[in-house]
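Residue 302 in UniProt numbering sits at position 302 of the sequence shown, with consecutive numbering throughout.
Here's the structure we're looking at; comments come further down.
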Amino acid sequence: MIIKTRSESAELMILRSLSIRMNLSEKERSNFLNLEKGFIGEQQFDKWFETNFSNEGLILNDLLLESNNTIFQIDSLLITSDVVYLLEIKNYEGDFYTDGDIWSTLSGNEIKNPLLQLKRSESLFRRLLQNFGYNISAEANLIFINPEFFLYQAPLNPSIIFPSQLNRFMDKLNKKSTNIKDRHLKLAKHLVSIQLKNSPYTRLPDYSYDQLEKGIICGGCNTFVTTINKEMVVCNECGYKEDITAAVLRGVMEFRLLFPNQKITTNGIHNWCKIIQSKKTIRRILSRNFQLEGHAKSSYFVNRKENID
Ligand SMILES: [Zn+2]
């Protein structure tokens, strides 16, 4: 049973938008591509897990927790009756090697040692369970989901699950005799309730409104929409068509994500979406989907009361 689903982090969504609207430095771009790749790997893991796991268990994805004044993240957590599995998912692709505690790509770029990261999360999580008085053991696994990954001089460490071991790992989980009780559900809900909302480790470039290219980004590919055809926006690159209201609302969501402190106004969104000539159209869409506050020139739009989550 999935207790907490996975969603893209705000950092990834912001970087995705910035990567289209401004020039990222090489470092920023590589951070963005790593996050994107990591998220794809996690989604592949979710799909694989969902298809193959036939046992009882509670699944929590993407937990950001604090223990011993240290913040740590868990990609996936599986609660069974006697063991909580912490699963760290890596979507590494290509050839890597280890030399002692050093992990590198075959071309010689050192990467963060994922085993040390795993051990750290495991011990912080154990301490957290202990502090809250849960008597259940924790086991951590490092899962390499990409079949194109290979590690030379791999350490003999049963916590690591290589792509060719995934099926056997799943067999092991499926053969466990497990019986989920109220106390397991209580633990799951407790973990969800104490998770942190915002990661302090986000690395975003500096950006300002003026610096960003305006326009509506196509919902099917990563280019700006160029054509409006009656009530539809049409992408010349991929042919994706979208209702004008849906496209503007996506634009509003993106604007809010990038500039959470700025007010939503007709002029602002008209300028942001750029290709929609008529301010009337923008005002109509905003009025139908948001609530108007303030008067005349200083008016702005907020979520309708029933929309507030
Ligand atoms: Zn497109």
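Virtual Cβ for every residue (Gly too), placed ideally from N, Cα, C.
Using 7 angstroms as the cut-off, classify the Cβ of residue i as near or not near the heavy atoms of ligand 1, replying yes or no.
i      : result
THR226 : no
TYR240 : yes
GLY220 : yes
CYS235 : yes
THR223 : yes
Between the Cα of residue i and those of the options, spot the shortest distance and give me the residue it belongs to.
i      : options                           : result
CYS218 : LYS189, LEU249, PRO200 and TYR209 : LEU249
GLU254 : ILE2, ARG6 and GLU11              : GLU11
PHE224 : LYS214, MET232, GLY133 and LYS230 : LYS214
LYS181 : ILE136, MET232, TYR201 and ALA247 : ILE136
LEU199 : LYS4, LEU64, ILE3 and SER54       : The residue you asked about is not Leu; residue 199 is Ser in the sequence shown. Comparing Cα-Cα distances from SER199 to each of LYS4, LEU64, ILE3 and SER54, the minimum goes to LEU64.
GLU93  : THR105, MET232 and LEU86          : THR105
ILE40  : ASN229, ASN146, LEU58 and ILE111  : ASN146
LYS27  : LYS197, PRO205 and SER287         : PRO205
LEU86  : ALA140, SER299 and ASN222         : ALA140
GLU237 : LEU35, THR226 and PRO114          : THR226
GLU66  : PHE290, TYR240, PHE132 and THR266 : PHE132
ILE59  : ASN167, MET232, PHE96 and LEU187  : LEU187
MET13  : ARG256, MET232 and ASN68          : ARG256
SER121 : TYR300, PHE72, SER287 and LYS176  : PHE72
THR98  : PHE32, ASN113 and TRP272          : ASN113
PRO260 : ILE275, TYR209, GLY220 and THR281 : TYR209
LYS297 : CYS273, LYS263, LYS305 and SER278 : LYS263
SER9   : LEU196, SER54, GLN165 and LEU124  : LEU196
SER123 : GLY294, VAL302 and ASN68          : ASN68
ASN267 : LYS90, GLY294, SER299 and GLN211  : SER299
HIS190 : GLU88, CYS235, TYR134 and GLY239  : TYR134
LYS230 : LEU258, TYR207, GLN130 and GLN277 : GLN277
Can you tell me where the alpha helix (DSSP H) with residue i in it begins and where it stops?
i           : result
GLY41       : 26-52
residue 344 : Since the first and last residues shown for the chain are 1 and 309, residue 344 lies out of range.
LEU204      : Looking at the DSSP string, LEU204 is not in any alpha helix (DSSP H), and its letter there is neither H nor E.
ASN267      : 266-273
GLU254      : 244-258
LEU196      : LEU196 -> no alpha helix (DSSP H), and no H or E assigned at all.
Can you give me the start and stop residues for the beta strand (DSSP E) that residue i sits inside?
i      : result
LEU65  : 58-67
SER137 : 137-144
ASN113 : Looking at the DSSP string, ASN113 is not in any beta strand (DSSP E), and its letter there is neither H nor E.
MET232 : 232-234
SER104 : 102-105
LYS4   : 2-4
GLU293 : 290-293
TYR152 : 149-152
May I ask you to report which of helix, strand or coil DSSP gives residue i?
i      : result
ASP75  : strand
ILE276 : coil
SER164 : helix
LYS90  : strand
ILE217 : strand
ILE282 : helix
ASP82  : coil
PHE301 : strand
LEU212 : coil
ASN229 : strand
PHE169 : helix
LYS176 : coil
PHE224 : strand
PHE125 : helix
LYS181 : coil
LYS263 : coil
Quick test of your reading: residue i and residue j, contact by CB under 8 angstroms. State the CB separation rounded to the nearest angstrom.
i      : j      : result
ASN52  : MET170 : 5 angstroms
ILE216 : ALA247 : 5 angstroms
ARG6   : ASN61  : 4 angstroms
GLU242 : VAL233 : 5 angstroms
SER81  : ASN179 : 5 angstroms
ILE275 : ILE228 : 6 angstroms
PHE96  : LEU185 : Rounded, the Cβ-Cβ distance is 39 angstroms, inconsistent with contact.
LEU118 : ASP101 : Actually they are not in contact, since the Cβ atoms of LEU118 and ASP101 sit about 13 angstroms apart, beyond 8 angstroms.
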